[in-house]
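When we follow my numbering, the leftmost residue of the sequence shown carries the number 83, and every step to the right adds one. Taking it in order: structure first as structure tokens, then the write-up.
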Amino acid sequence: MEETPEGQEISTLPQELITEILIRLPIKTLLKFLCVSQSWLSLLSNTEFHKTHINFSIKNPKMTDYTLAVVATVSGLGKICHVYTIHSENSCVTVVKHGCPPKSLPLSAFLLGSCNGLICLFTGSLELMLLNPCTGKFDVFPDLMIQYKVGDGGCYVRYGFGYDVSVGDYKVVKIFSFPQSEGKHVNMVNVYSLRVNSWTTIQGFDSGYINGNVGVFANGALHWDGCHSHISSASSEIVTLDLATERYGKIALPSYEDGCIRWTLGVSGGSLVACCNYEEPNRADMWVMKEYGVEKSWTKLVTISSPVDRRVHISPLFVGENGNEFLVTLGTELTLYNSRNASFKRLANYVSGDFLQVQVATYLESLTSPHI
């Protein structure tokens with residue numbers, strides 16, 4: 083028993099029970115509880131509590147809200163940031179825009195990925211940032227600038243951000259991709275370790291053209307869709323990098339029809355999601371890999387026909403629990419698609435045609451610190 087200042091006794095719950103209660107509470111409540119007592123501040127600031135809270139959230143999606151950080155480049159207005167909360171309940175997905183984004187989210191940011199409640203950004207000043215939008219805490223470190231010999235074909239730069247669970251380390255991957263003959267590319271790969279606070283060079287790899295500027299993190303690995311162009315045809319596959327072993331791999335994409343022009347990747351509920359975008363007619367097939375690494379587990383979720391005449395790429399962001407609602411980017415628009423009536427709900431209130439680029443990162447709200 084503990085005594086209050088008035089001398090009255092109050093009961094004390096076991097620490098294990100307090101933890102079990104707290105991991106079930108939303109982040110906004112936990113942030114308020116930081117001021118309850120020194121012992122609660124110590125508990126809620128503990129890295130192990132952060133891991134326990136995240137693992138509970140991942141395993142209990144019905145009790146978890148996901149969040150979107152959206153950075154839109156708008157003609158004449160620079161970059162505009164919005165933050166949305168995704169809530170899935172009673173077979174319905176709702177997306178609510180916050181009144182304002184975190185003050186620490188730089189307007190010039192380029193989103194490089196998300197993991198465990200942290201988002202990784204390129205700030206526009208040759209620096210990278212790890213930001214927890216919920217707590218406002220961030221860590222800034224220099225981007226890697228290496229003078230590689232660039233050939234006539236130039237050089238493409240690709241990024242990825244994820245978590246190495248084997249050592250409890252966050253890593254940023256930067257790929258310098260150099261075109262060769264016959265559609266082949268040589269890729270030089272560098273990895274930043276938050277724990278070691280330095281960049282290292284790892285073994286590179288050869289591939290076709292890597293689509294998308296940012297890799298998708300799932301199951302401990304980063305994923306990029308790669309395309310091998312040939313004289314008469316083209317083939318696509320997923321290129322992977324395991325962050326723990328720093329080894330490369332490949333995952334076959336689902337079977338697709340002739341006319342596929344672009345694959346886009348995403349992750350929802352921890353599962354890898356892929357969209358096959360077709361030119362004629364302008365539509366996309368969305369697939370989910372129900373068992374990671376098992377190619378036969380690719381399952382088709384929906385076919386989405388584009389509501390616009392122009393060619394647009396559909397990218398997956400979130401799949402509703404009911405399997406009927408899908409949050410996607412439709413070209414440059416953030417859109418909620420309902421397969422029951424084939425309807426689209428546009429979520430951004432910008433004038434059509436104003437977008438130059440839209441970047442989106444989906445993440446779980448957490449107390450994770452960007453400092454290790």
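Glycine included, C-beta positions come from ideal geometry on N, C-alpha and C. All figures in this text were calculated on a predicted structure; none of them were measured in a lab.
Rounded to the nearest angstrom, what separates Leu479 and Gly405 at their Cα positions?
Here the chain comprises residues numbered 83 to 454, so residue 479 is not present and cannot be evaluated.
Report the three-state DSSP secondary structure of Thr414 (helix, strand or coil).
Counting from one through the sequence shown, the residue named residue 414 turns up at place 332. In the three-state scheme derived from DSSP, where H, G and I count as helix and E and B as strand, Thr414 is classed as coil.
Rounded to a whole number of angstroms, what is the C-alpha to C-alpha distance between Ile313 and Glu377?
Position 231 of the sequence shown, counting from 1, holds the residue named residue 313. Position 295 of the sequence shown, counting from 1, holds the residue named residue 377. Its pLDDT being 43, under 50, Ile313 is placed unreliably by the model, and the measurement read from it follows with that caveat. So the alpha carbons of these two residues sit roughly 27 Å apart.
Please name the residue in Ile162, Thr176, Val156 whose C-alpha comes closest to that of Thr149.
For the purposes of this step, residue 149 is taken as the residue at position 67 of the sequence shown. Minimum Cα distance to Thr149 is reached at Thr176.
Which class does Ile313 belong to by DSSP, given the choice of helix, strand or coil?
Residue numbering aside, residue 313 sits at position 231 when the sequence shown is read from its first letter. Residue placement at Ile313 is poorly supported in this model, since its pLDDT is 43, which falls under 50; the coordinates still yield a value, given next. Three-state result, Ile313: coil.
I'd like the span of the alpha helix (DSSP H) that includes Gln120, first residue to last.
As a working mapping, residue 120 is identified with position 38 in the sequence shown. Segment 120–126, the alpha helix (DSSP H) holding Gln120.
For Gly160, name the three-state secondary structure that DSSP assigns.
Within the sequence shown, residue 160 is the residue found at index 78, counting from 1. Gly160: strand per DSSP, three-state reduction.
For Trp380, collect the residues of the same chain with a Cβ closer than 7 Å to its Cβ; drop the 5 residues on either side in sequence, then sort them by chain order.
Position 298 of the sequence shown, counting from 1, holds the residue named residue 380. The residues are Pro336, Trp369, Met371.
Exposed or buried, what is Val227 when buried is set at 16 or more other beta-carbons lying within 10 Å of its beta-carbon?
Locating residue 227 in the sequence shown gives position 145, where the first residue counts as 1. Going by the sequence as given, residue 227 is Met instead of Val. Exposed, since its Cβ has fewer than 16 Cβ neighbours within 10 Å.
Within 10 angstroms of the Cβ of Asn495, are there 16 or more other Cβ atoms? Answer buried if so, exposed if not.
Absent from the model: residue 495. The displayed extent of the chain is 83 to 454, so no value can be given.
Taking DSSP as the reference, what is the three-state secondary structure of Gln523?
Only positions 83 to 454 of the chain appear in the structure, and residue 523 is not among them; the question remains open.
With distance defined between alpha-carbon atoms, name the residue in Ser425, Leu438, Leu418 nearest to Tyr166.
Start at 1 with the first residue of the sequence shown, and residue 166 comes out as number 84. Closest option to Tyr166, judged by alpha-carbon separation, among Ser425, Leu438, Leu418: Leu418.
Could you give the distance in angstroms between the alpha-carbon of Val321 and the alpha-carbon of Ile292?
For the purposes of this step, residue 321 is identified with residue 239 of the sequence shown, where counting begins at 1. For the purposes of this step, residue 292 is identified with residue 210 of the sequence shown, where counting begins at 1. So the alpha carbons of these two residues sit roughly 8 Å apart.
Arg240: which of Leu347, Phe220, Leu213, Met270 sits nearest, CA to CA?
Within the sequence shown, residue 240 is the residue found at index 158, counting from 1. Minimum Cα distance to Arg240 is reached at Met270.
In chain order, what residues of the same chain have a beta carbon less than 6 Å from the beta carbon of Ile460, not counting five sequence neighbours either side?
Residue 460 lies beyond the range of the chain shown here (83 to 454); nothing can be said about it.
Are there 16 or more other CB atoms within 10 angstroms of the CB of Thr129, so buried, or fewer, so exposed?
Along the sequence shown, one-based indexing puts residue 129 at 47. Burial call: exposed.
Alpha carbon to alpha carbon, how far is Ala154 from Leu412?
If you number the sequence shown from 1, residue 154 lands on position 72. If you number the sequence shown from 1, residue 412 lands on position 330. Cα to Cα, Ala154 sits roughly 13 Å from Leu412.
Return the CA-CA distance between Asp225 and Glu209, expressed in angstroms with no decimal places.
As a first step, residue 225 is located in the sequence shown; it is residue number 143 there, counting from the start. As a first step, residue 209 is located in the sequence shown; it is residue number 127 there, counting from the start. Approximately 5 Å between the Cα atoms of the pair.
Candidates Leu107, Leu95, Asn137: which alpha carbon is nearest Ser121's?
Counting from one through the sequence shown, the residue named residue 121 turns up at place 39. Here the closest residue by C-alpha is Leu95.
What would DSSP say about Gly265, mapped onto helix, strand or coil?
Your numbering for residue 265 matches position 183 in the sequence shown. Looking at Gly265 - three-state DSSP - the assignment turns out to be helix.
Can you list, in chain order, the residues of its chain with a C-beta nearer than 8 Å to that of Thr327? Leave out the 5 residues immediately preceding and following it.
Position 245 of the sequence shown holds residue 327. None.
Out of Ile343, His305, Asn295, Gly294, point me to the one whose CA is closest to Ser311's CA.
Translated into the one-based positions of the sequence shown, residue 311 becomes position 229. Of the candidates Ile343, His305, Asn295, Gly294, the one whose C-alpha sits nearest the C-alpha of Ser311 is Ile343.
Whole angstroms are fine: how far does the CA of Ala334 sit from the CA of Glu373?
Residue numbering aside, residue 373 sits at position 291 when the sequence shown is read from its first letter. Residue numbering aside, residue 334 sits at position 252 when the sequence shown is read from its first letter. Roughly 13 Å separates the two Cα atoms.
Between the Cα of Phe131 and those of Phe192, Asn295, Ile105, Gly218, spot the shortest distance and give me the residue it belongs to.
Counted from its first residue, the sequence shown places residue 131 at position 49. The candidate whose alpha carbon is nearest that of Phe131 is Ile105.
I'd like to know whether the C-beta atoms of Gly348 and Gly297 end up nearer to each other than 8 Å.
Along the sequence shown, read from residue 1 onward, the residue named residue 348 stands at position 266. Along the sequence shown, read from residue 1 onward, the residue named residue 297 stands at position 215. Result no, Cβ atoms of Gly348 and Gly297 do not sit closer than 8 Å.
Is the Cβ-Cβ distance between Gly244 and Pro261 less than 8 Å?
On the sequence shown, position 162 is the one that residue 244 refers to. On the sequence shown, position 179 is the one that residue 261 refers to. Pairing Gly244 with Pro261 gives a Cβ-Cβ distance that is not under 8 Å.
Given that a residue counts as buried once 16 or more other Cβ atoms are within 10 Å of its Cβ, and exposed if not, what is Asp288?
Along the sequence shown, read from residue 1 onward, the residue named residue 288 stands at position 206. So Asp288 counts as exposed.
Spatial neighbours of Glu98 within its chain, please: C-beta separation below 6 Å, excluding the five flanking residues on both sides.
The sequence position of residue 98 within the sequence shown is 16, counting from 1. Contacts found: none.
Take His305 as the anchor and find which of Thr134, Gly290, Gly331 has the nearest alpha-carbon.
Here residue 305 is taken as the residue at index 223 of the sequence shown, counted from 1. Nearest option by C-alpha distance: Gly331.
Residues in the same chain with beta-carbon distance under 7 Å from Lys114, minus the five sequence neighbours each way, listed in chain order, please.
Position 32 of the sequence shown, counted from the start, is the residue given in the question as residue 114. Once the five neighbours on either side are set aside, Lys114 has no close Cβ partner at all.
With DSSP as the reference, identify every bridge partner of Asp58, one or two as the case may be.
Nothing about residue 58 can be reported from this structure: the residues present for the chain run from 83 to 454 only.
Spatial neighbours of Leu123 within its chain, please: C-beta separation below 7 Å, excluding the five flanking residues on both sides.
Translated into positions along the sequence shown, residue 123 becomes position 41. Excluding positions up to five away in sequence, the list reads Leu116.
Which of helix, strand or coil does DSSP assign to Glu403?
Position 321 of the sequence shown, counting from 1, holds the residue named residue 403. Residue state, collapsed to three classes: coil.
Going straight from the alpha carbon of Val118 to that of Ile109, what length do you get?
Residue mapping note: residue 118 aligns to position 36 of the sequence shown, counting from 1. Residue mapping note: residue 109 aligns to position 27 of the sequence shown, counting from 1. Roughly 15 Å between the two C-alpha positions.
How long is the line joining the alpha carbons of Tyr445 and Ser387, rounded to whole angstroms?
For the purposes of this step, residue 445 is identified with residue 363 of the sequence shown, where counting begins at 1. For the purposes of this step, residue 387 is identified with residue 305 of the sequence shown, where counting begins at 1. Those two C-alpha atoms are separated by around 27 Å.
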